[in-house]
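*Asks:*
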Amino acid sequence: MSGSSSADDKIKAERILSFLEDTYGGISWWPGDTGEVMIGAILTQQTRWENVKKALALLKEKNLCSIAAIHTAAPEDIENAIRCTGFYRMKARRLIGLAAYVMETCGGIGCMETMPTKELRAGLLSVNGVGEETADSILCYGFCRPSFVIDAYTVRIAACAGIKTPRPGLKALFESVLPENTSVYRQAHARIVEYAKERCTSKRCEECRILALNG
DNA sequence: GACCAGGTCCTTG
DNA sequence: CAAGGACATGGT
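Position 121 (the first sequence) corresponds to 121 in our numbering; numbering is contiguous.
1) I think R186 touches W29, with their Cβ atoms under 8 Å apart; what is that distance to the nearest whole Å?
2) Can you name the start and end residues of the alpha helix (DSSP H) that E36 belongs to?
3) How is I16 classed by DSSP in three states: helix, strand or coil?
4) Short of 8 Å in beta carbon distance, which residues of its chain neighbour I157, apart from the five on each side in sequence? Order them along the chain.
5) Measuring alpha carbon to alpha carbon, tell me which of V149, F143, C84 ends up nearest T34.
6) Starting from the Cα of I214, find the closest Cα among I11, P166, T165 and give me that residue.
7) Evaluate R204 with the Cβ neighbour count: other Cβ atoms within 10 Å of its Cβ, from every protein chain shown; 16 or more gives buried, anything less gives exposed.
8) If you draw a straight line from the C-alpha of G58 to the C-alpha of S5, how long is it?
9) My understanding is that S147 touches T117, with C-beta atoms under 8 Å, so please give their C-beta distance in whole angstroms.
10) Given this structure, state the Cα-to-Cα distance separating L211 from F19, to the nearest angstrom.
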């Protein structure tokens, strides 16, 4: 009972991840180019992905589904297309701010691709409306960087599993028990979301706890 | 009608 | 720093 809680948390995380891999196998997620991933990452904040898909389709119809297009579009046109994702006024502002950062500060997506991950992450976080989860989603799914995404589902599963590491440390915890590989991170995150949506719906689900305890 | 959804920022104590 | 509120629409 006196072992380091960090080591204990690692074992629990490993058991959860291993169970999810056996249960769900390979999952493909977030198709689309880098710009679309960036837009989707903002739109999905506090929002179901089904609604985000509708908004992305509307943006495509209007040829607004790219960072360059968002950069020059009328805010009202963006708002109208993304209304179904909620918080649409604020999200339109965030999209415009992100596009301005990409196009003006960075000089386009192409320039960002050559930036070191650490620097790229810091730059994204400097944009208003881009927090840790959004930045990591963009890095992992948009720029193919091994940056593990911690979202509400991951936090919930970790809590149910009895993992004691506080939220700010979860990213490092999960990264420490996985090979540093973008595809591995993507799949692990996708499985966590799928599992949480269908099985870990209560805030203290027994299944996660047992899983983390026994493997 | 209440409650929640793949967050983030800003304001208070 | 922790806690609370604002942002807003759509589905159960």
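Note that CB positions come from ideal geometry on N, CA and C, so glycine has one too.
*Replies:* The relevant details are as follows:
1) 6 Å
2) 34 to 43
3) helix
4) I16, I192, Y195, A196, C200, C208
5) F143
6) Note that residue 214 is Asn in the sequence shown, not Ile. Among I11, P166, T165, the Cα nearest to that of N214 is on I11.
7) exposed
8) For the record, residue 58 in the displayed sequence is Leu; it is not Gly. If I take the Cα positions, the gap works out to 48 Å.
9) 7 Å
10) 8 Å
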